[in-house]
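Below: one structure, written as structure tokens.
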Amino acid sequence: MNIFRIIFLLLLLSVLGFTGLLAIDLLKGDGNGIVAGINFAPLAKYAFYVFLVYSFWYAFKQKIGWLQNLLMMSLMLVLTIALLEWICGVVLKTQANSVPKIEGPTHSMMFDEDLGYKPKPNTTHTGIRTIDGKIIYSITYSTDVNSLRITPVDTTKPRTKYAQFYGCSMTFGEGVQNNETLPYYFAKFDSTFRPYNFAYSGYGPHQMLARLETESEKKIVKENTGIAFYIYINDHVNRVLGTLTNYGYNGGVVPYFHKDGNRLKHDGLIKDSRKFRSWIFSQLLKSNILKLFKIGYPFKITDQDYELTAEVMAEASRDYKMQFGNDNFYVIIYPTTVNSSLIISLLKKKSVKVLDYSKLFNPLEKKYAIPYDEHPTALANEILIKQLVKDIN
């Protein structure tokens, strides 16, 4: 064995060794590239560069055919991908310059070890959404000491029951004022209830269950009896799964629930429990190719994914009943153009009460959707709550 081959093998072993250490840190550690106090990430990078340069020199100097072919194939693959990335980047930039520029709103949020993130407490925040600099909406909301959006109510009337609202930005009230949200209209049309808005932008069933598992609501809700609602939209399946697109929004800073056999298991946050997948996602999200062709992962949402989402909501229903002593927990299927029969069937099989409002109105109609936005208008919220109050009474 000549000296050149020995050097080649030593460099190969060093690259494999560094890669192994980083993989262990990614899967078992905190994923920062530091092992035993040593930052191996830059060492691995430089070792790879040295190995790559030496491999080319070694392959062509020693006329090693298989290595020459392997290196040239790899080089052509990398150059092809780089060219495609550049072309797609140009196309994306051209597309962005040819359509109105929509920006906002900003959010006032902070990290939470159970929920992943939540609104900052005791804060007043103004969320502004614009198109080419022109304001679409400007809303101001305040949060209380528990990081819940404050819902104004008529305090002259005795409110002896609670109404807990869980969900995403549709329930939180993205794009509408404090007196235009779902919790507000519910308290307006039934003055015996005090509303609690546990929803927030980007949330899903997993945040509801994670919150119920901490039993924090028991410390917040003062009334002894009441009702709870989860407002469901189809995208919540993606959020429970932690799909590539959803990871792009929250960076995996969300609760991770999965099936362990027949048991639903909670393993902290996605970014901590699925480190390798999270790292892969963070790299894929940089790809112009995936952005241009809107390629996500998983490629298809399966019946098993809906089953997992339904089980998360069912477990939340059971936790609610155990903590609050009643079974007044409802999943509301928000108006949609998507077929909701599967999730409804799964929920009913799990004895979860469902209110199917999927055909109550067309959420894409102008009067029900904020312009250049997917969120409901005040009118949409009012119509839904009027139907809800009628149904529960």
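Going by the numbering used here, the first residue of the sequence shown is number 105, and it counts up by one from there.
Glycine included, each C-beta is placed from N, C-alpha and C at the ideal position.
Since this is a predicted model, take the numbers as computed values, not measurements.
Buried or exposed (CB count within 10 angstroms, at least 16 for buried), residue i
i: Tyr353; result: exposed
i: Leu114; result: exposed
i: Asn338; result: buried
i: Arg481; result: In the sequence on display, residue 481 carries Thr and not Arg. When all chains shown are included, Thr481 counts as buried.
i: Ile111; result: exposed
i: Val341; result: buried
i: Ser445; result: exposed
i: Ile437; result: buried
Inter-residue Cα distance where the pair is residue i and residue j
i: Asn392; j: Tyr351; result: 16 Å
i: Lys224; j: Thr255; result: 16 Å
i: Trp498; j: Pro402; result: Outside the displayed span of the chain (105 to 497) sits residue 498, for which this structure offers no information.
i: Val442; j: Tyr461; result: 12 Å
i: Met214; j: Leu389; result: 23 Å
i: Asp129; j: Gly135; result: 5 Å
i: Leu412; j: Ser449; result: 13 Å
i: Lys132; j: Asn497; result: 52 Å
i: Ala140; j: Leu126; result: 12 Å
i: Ile142; j: Leu120; result: 17 Å
i: Tyr502; j: Asn226; result: Outside the displayed range of the chain (105 to 497) lies residue 502, so it cannot be described from this structure.
Proximity to residue i [Cα-Cα], best of the options
i: Phe465; options: Glu486, Lys453, Arg253, Gln311; result: Glu486
i: Asn432; options: Lys363, Lys453, Leu373, Arg422; result: Arg422
i: Ile331; options: Trp190, Gln427, Arg378; result: Gln427
i: Thr260; options: Asn430, Asn301, Phe297, Gln281; result: Phe297
i: Asp409; options: Pro309, Ile142, Val249; result: Pro309
i: Ser295; options: Pro287, Arg263, Gln166; result: Arg263
Chain-order list of residues whose beta-carbon lies under 6 Å from that of residue i (same chain, five-residue window excluded)
i: Gly346; result: Ile374
i: Cys192; result: Asn392, Ile393, Leu396
i: Ala145; result: Gly137
Supposed close pair residue i, residue j - CB separation, criterion 8 Å
i: Val416; j: Val435; result: With 8 Å as the limit, Val416 and Val435 do not qualify as a contact, their Cβ atoms being about 11 Å apart.
i: Leu316; j: Ala420; result: 5 Å
i: Gly208; j: Arg233; result: 4 Å
i: Leu156; j: Ala163; result: 11 Å between Cβ atoms; not a contact.
i: Tyr221; j: Val344; result: With a Cβ gap of about 16 Å, Tyr221 and Val344 do not count as contacting.
i: Ser212; j: His229; result: 4 Å
i: Gln268; j: Phe302; result: 6 Å
Cut-off 7 Å between Cβ atoms - residues of its own chain near residue i, not counting five sequence neighbours on either side
i: Asp477; result: Arg233, Ile240, Gly279
i: Asn283; result: Pro256
Proximal residues to residue i (C-beta, below 8 Å), its chain only, five neighbours per side dropped
i: His479; result: Ser273, Met274, Glu278, Gly279, Val280, Ala473
i: His370; result: Leu313, Ala314, Glu317, Pro359, Tyr360, Phe361
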